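Structure record follows, encoded as structure tokens.
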Amino acid sequence: MSCDELLRRLTEFAEGALPPNLCEEIRSHLKDCSPCSELDRDLADLARLCRECDPPKLPADLRQRLEERIRAWTTRG
Amino acid sequence: MDPGGAAPETSRREALSKALLEEGDRLYALALRVTRDPDLAADAVQEAFATALERESGFRGESSLATWLHRIVFTKAIDLLRRRGREGPLPEDDPEARPPQGGDMGRAPSWARPPDALLLGKETRVALEKALGALTPAQRAIFELKEAEGRPTEEVAAILGMPPGTVRVHLHRARLKLRSLLGEHFRRGRT
């Protein structure tokens, strides 16, 4: 497998969307190719960075307005 | 309970109100990721709640209630962005947030294993937010739902109304673009 083909397939590989033979080719390539393994590691770091970021919260005033709206809706006849 | 099935109307309503309240933070996070504007995100969520309440009887249970709500929020957020597009430039038109032109994103220089203090530091989070402006709204939505929330691709595809393969293509491009843009941040951080 070439570096370009691996590049195209890397997200599908991470998603488990490729057949076993292609997965094995990718694993083998990553083991032997420093630039591609660095790319793979960077993408793993990017995923980690995203998971570590605090998710935004619904602003309190907006949550209150929405709760009032839902309460009125659920209690109407 | 399936709120779209033969359950009594009151049960359907309870299920919807519960889902709206439980999913509130995630719905807002999606709207904020798409619009990159807290006011627009709040408007998108409010409009989506109104639509969900109006169309509650139209929910048929083909997807989960949470997926249905996310789809409404995504549609509202995109609509609001389009409306704003007629009034002025979108936030991602910031030229500083654009990716390098003509380069091969996959062959951008490596991050070279940034230490955790740099990788997870506040400045990197700020840089990530800025870099997200270089993505399309759909790429940002996919990035939020996949990378931040870890949702299955099939669920993200149902929310965005596109095939799973297209979701993977968008995610791939988004990841490579962000890697390229954040690489510049990490190189500066080491000097």
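Protein sequences, first through last, are from chains A and B.
So the first sequence is numbered by this note's numbering: it starts at -18 and just counts up by one.
So the second sequence is numbered by this note's numbering: it starts at 3 and just counts up by one.
Backbone N, C-alpha and C fix where the C-beta goes; we use that ideal spot for every residue, glycine too.
Quick caveat: nothing in here was measured; it's all calculated off a predicted structure.
Say whether the stretch -17 to 1 of chain A touches the stretch 9 to 25 of chain A, bearing in mind that this needs 3 or more beta-carbon pairs closer than 8 Å, one atom from each stretch.
Output reads yes: the stretch 9 to 25 of chain A touches the stretch -17 to 1 of chain A.
Can you pull the chain A neighbours of E16 of chain B, defined as C-beta to C-beta under 8 Å?
By 1-based counting over the second sequence, the position of residue 16 of chain B is 14. Here the neighbours are T55.
Is H174 of chain B close to chain A, meaning its C-beta is less than 9 Å from at least one C-beta of that chain?
Locating residue 174 of chain B in the second sequence gives position 172, counting from the first residue. Output row for H174 of chain B: interface = yes.
For chain B, check one thing: does any of its Cβ atoms lie closer than 9 Å to the Cβ of D12 of chain A?
For the purposes of this step, residue 12 of chain A is taken as the residue at position 31 of the first sequence. Here residue 12 of chain A turns out to be Lys, not Asp, going by the sequence shown. Judged by the 9 Å Cβ criterion, K12 of chain A is not in contact with chain B.
List the endpoints of the continuous alpha helix (DSSP H) containing R8 of chain A.
Here residue 8 of chain A corresponds to residue number 27 of the first sequence, with the count starting at 1. Looking at the DSSP string, the run of the alpha helix (DSSP H) that includes R8 of chain A is 1 to 13.
Could you check where the alpha helix (DSSP H) with T56 of chain A kicks off and where it finishes?
For the purposes of this step, residue 56 of chain A is identified with residue 75 of the first sequence, where counting begins at 1. Taken as a continuous stretch (DSSP letters only), the alpha helix (DSSP H) holding T56 of chain A covers 41 to 56.
Nearest to L130 of chain B by CA position, among A:R29, A:E49, A:T55, is which residue?
As a first step, residue 130 of chain B must be located in the second sequence, where it is residue number 128. The residue with the shortest Cα to Cα distance from L130 of chain B is A:R29.
Can you name the start and end residues of the alpha helix (DSSP H) that R(-11) of chain A belongs to?
As a first step, residue -11 of chain A is located in the first sequence; it is residue number 8 there, counting from the start. Segment -16 to -4, the alpha helix (DSSP H) holding R(-11) of chain A.
Return the CA-CA distance between S(-17) of chain A and A79 of chain B, expressed in angstroms with no decimal places.
Here residue -17 of chain A refers to the residue found at position 2 when the first sequence is read from its first residue. Here residue 79 of chain B refers to the residue found at position 77 when the second sequence is read from its first residue. Their Cα atoms are separated by approximately 40 Å.
Let me know the secondary structure DSSP gives A17 of chain B once reduced to three states.
Indexing the second sequence from 1 puts residue 17 of chain B at position 15. Reduced to three states, the DSSP call for A17 of chain B is helix.
Kindly indicate which three-state DSSP category L241 of chain B falls into: helix, strand or coil?
Coverage of chain B is limited to positions 3 through 193, which leaves residue 241 of chain B absent and any answer about it impossible.
Relative to the C-alpha of K148 of chain B, which candidate in B:E49, B:R35, B:F61 has its C-alpha closest?
Stepping through the second sequence from its first residue, residue 148 of chain B is reached at position 146. The shortest C-alpha separation from K148 of chain B is found at B:R35.
Could you work out which residue in A:R50, A:E(-4), A:D35, A:L(-13) is closest to S9 of chain A when comparing CA atoms only?
Taking the first residue of the first sequence as position 1, residue 9 of chain A is located at position 28. When only C-alpha atoms are compared, the closest one is A:L(-13).
Taking only beta-carbon atoms, is L20 of chain A less than 9 Å away from chain B?
Here residue 20 of chain A is taken as the residue at index 39 of the first sequence, counted from 1. Yes, L20 of chain A counts as interfacial toward chain B.
Just how far apart, CA to CA, sit P91 of chain B and R142 of chain B?
On the second sequence, residue 91 of chain B is found 89 positions in, with the first residue counted as 1. On the second sequence, residue 142 of chain B is found 140 positions in, with the first residue counted as 1. Low per-residue confidence applies at P91 of chain B: pLDDT is 44, beneath 50, and the placement is therefore not dependable enough to give any value.
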